[in-house]
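Residue numbers (UniProt numbering), protein chains in the order written: chain A, 1 to 129; chain B, 1 to 129; chain C, 1 to 129; chain D, 1 to 129. All C-beta atoms in this analysis are idealised placements derived from N, C-alpha and C, irrespective of residue type, glycine included.
Protein chains: 4
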Amino acid sequence: MLISLQLDSEIPLYEQLRNQIVIGIATGELAAQEKLPTVRQLAEDLGINTMTVNKAYSLLKQEGYIVIDRRHGAKVSPRIQDSQGPSPQLEEQLQLIIAQATIQGMDQSRFQTLCTQIFSKMTYRPTHI
Amino acid sequence: MLISLQLDSEIPLYEQLRNQIVIGIATGELAAQEKLPTVRQLAEDLGINTMTVNKAYSLLKQEGYIVIDRRHGAKVSPRIQDSQGPSPQLEEQLQLIIAQATIQGMDQSRFQTLCTQIFSKMTYRPTHI
Amino acid sequence: MLISLQLDSEIPLYEQLRNQIVIGIATGELAAQEKLPTVRQLAEDLGINTMTVNKAYSLLKQEGYIVIDRRHGAKVSPRIQDSQGPSPQLEEQLQLIIAQATIQGMDQSRFQTLCTQIFSKMTYRPTHI
Amino acid sequence: MLISLQLDSEIPLYEQLRNQIVIGIATGELAAQEKLPTVRQLAEDLGINTMTVNKAYSLLKQEGYIVIDRRHGAKVSPRIQDSQGPSPQLEEQLQLIIAQATIQGMDQSRFQTLCTQIFSKMTYRPTHI
DNA sequence: GTGGTCTAGACCACA
DNA sequence: GTGGTCTAGACCACA
């Protein structure tokens, strides 16, 4: 999986890293149970500090996207809890995006098409026990 | 229009303010050409520093959402440039949201329903010259 | 409020710090809304790194014990959400403590007396809205 | 006796193991003098390294909960020394738990009820010589 | 002036 | 070999 960081972005490095891994999980580039690179390895590959990678991994762990065990490092969570409805945060973010899209002159039909395109790349399917 | 800021949020105050005004424009709560409160007035109402409001207004101006003139203060832009396609930033943000929604177990149909609900509140229509 | 860290403890410094602040809130040594020392100040006072204090504050914030705003630093949360019942974690920890106490030969009556003593120092009362 | 380890827990495996054995002793699931599984056996059953089980057993031995001899392996101690009063560590841990319970909105009466419930499962009685 | 982020480098516990 | 913790020091965004 390819990760590219923008050093001059407003978004902190650890957050960019977190975002790209979340997308990687959703698209299936990172399969469930797949082992992530070690903190050290990824830091070296990306040319950033281990602490920064550490922070990204800690965040992902806290959010339930990955599990970390001291034996084998970090892995994509086997099963991520599916919530009943949309989280309020997600809804708020989506509202802002749609507001901006609307003002930019994008109508609902074009927006839906865009969503469909993006969805078609998401191969993650929640595992129900 | 009601604006509520979360002082303990991760999102900077000026950005929260900017976001709510953008949403206000999209929903029509703030009509095109409508006059915004003065920096001083809004700062006082919200109990925050004028510099913070100033920063939000500057950002909105730079993004084309509002126009500012010395005589009449800030107003919602009469017409906001409609771009040809989705801005890459918007697409990136949307991809992240959809990734998270997917992992949370939300399928495309539920997502589309949510979008439709949000769109139904957006009354902004771009003015074509 | 007095904070003393054991540099040779198994418990990480940031966690010791977190624990003592939690106890300070419960005993009332730190009142609701009370301002905590700045990250820098506390780090200097304790002779530890700012990052370590930062981590403790972040944890406390995440747990809802304090709020941090960029304007005035960290403050004890005005009102901490009271949950319906005991969290499973708390119950698990308590079970372990009681197991150890039992094996050490402490009977229930002595344990309850000890609890009563400790409770008598806790002046925190949750604010209900 | 059933032991379940959480591989992704913050608590080290050897400590989880130690804790569950302590609880087992207190509840009577592990009787005084009862033979524990061999290090090798338990490691295999739990799917963890023998070193990890070894570390847990060493800790339990050091704390006086079990005795180990080369011929018969590990056994629950026939009699665990009862100390005069609560160990300072236990008191500290209890104080932290009570602080957290208080802030969560749990009052003393509910806490005592919870303690009583937990105590009712503890069947360990120290043997006095 | 405040917390947030990041670095380079180190040591340690866990497994 | 792995992540976790900690330091000294720096720069930056926010207010």
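Step through the CB atoms of chain B and report whether any lies within less than 8 Å of the CB of residue i.
i      : result
Q33/A  : no
E91/A  : yes
Q16/A  : no
L30/C  : no
I129/A : Legend: pLDDT at I129/A = 48, less than 50; position of this residue unreliable, no value from coordinates given.
N49/A  : no
Going by beta carbon distance, what residues of the same chain come within less than 8 Å of residue i, once the five residues before and after it are set aside?
i             : result
H72/B         : K35
Q16/D         : L5, Q6, S9
residue 140/C : Any answer about residue 140/C is impossible in this case: the structure gives chain C only from 1 up to 129.
Tell me the rounded alpha-carbon separation between residue i and residue j.
i      : j      : result
Q62/D  : T52/D  : 15 Å
A74/A  : D8/D   : 10 Å
P37/D  : I3/D   : 12 Å
Q104/A : R70/B  : 26 Å
E29/A  : C115/A : 19 Å
T27/B  : A101/A : 12 Å
E44/D  : Q33/A  : 22 Å
F111/B : A99/A  : 16 Å
L90/A  : P88/B  : 20 Å
Q117/D : Q108/C : 11 Å
R125/C : T113/D : 19 Å
E92/C  : F119/C : 19 Å
P86/C  : I97/C  : 16 Å
M106/C : M106/D : 24 Å
So, does the CB of residue i fall closer than 8 Å to a CB anywhere in chain C?
i      : result
Q104/D : yes
L114/D : yes
I3/D   : no
I25/D  : yes
Give every residue of the same chain whose Cβ lies closer than 6 Å to the Cβ of residue i, excluding the five residues on either side of it in the sequence, and list them in chain order.
i      : result
Q95/D  : none
Y14/A  : T52, K55, A56
I129/C : Residue confidence is low: I129/C scores 47 on pLDDT, short of 50, so the model does not pin down where it sits. No coordinate-derived value is stated.
I68/C  : K61, A74
Does the beta carbon of residue i come closer than 8 Å to any beta carbon on chain A?
i     : result
D8/D  : yes
I11/B : no
V53/B : no
Q41/B : no
P88/B : no
Below 7 Å CB to CB, which residues in the same chain sit around residue i once its five sequence neighbours on both sides are set aside?
i      : result
L60/C  : R18, I21, I66
M122/C : A26, T27
N49/B  : A43
L46/D  : I3, L5
Q41/A  : none
M1/B   : G24, E29, L30
V39/C  : T50, V53, N54, Y57
Are any of the Cβ atoms in chain D nearer than 8 Å to that of residue i?
i     : result
I68/A : yes
V76/C : no
S58/C : no
P37/C : no
I98/C : yes
Q62/C : no
(request) Counting only runs of 3+ residues fully inside the segment 51-118 of chain A, write out the beta strand (DSSP E) ranges in chain order. (result) If only uninterrupted beta strand (DSSP E) runs of at least 3 residues are considered, those enclosed by the segment 51-118 of chain A are 66-69, 73-76.
(request) Pick out the complete alpha helix (DSSP H) segments inside the segment 8-54 of chain B, 4 residues or longer, and give them in chain order. (result) Within the segment 8-54 of chain B, the complete alpha helix (DSSP H) runs of at least 4 residues are 13-27, 39-46.
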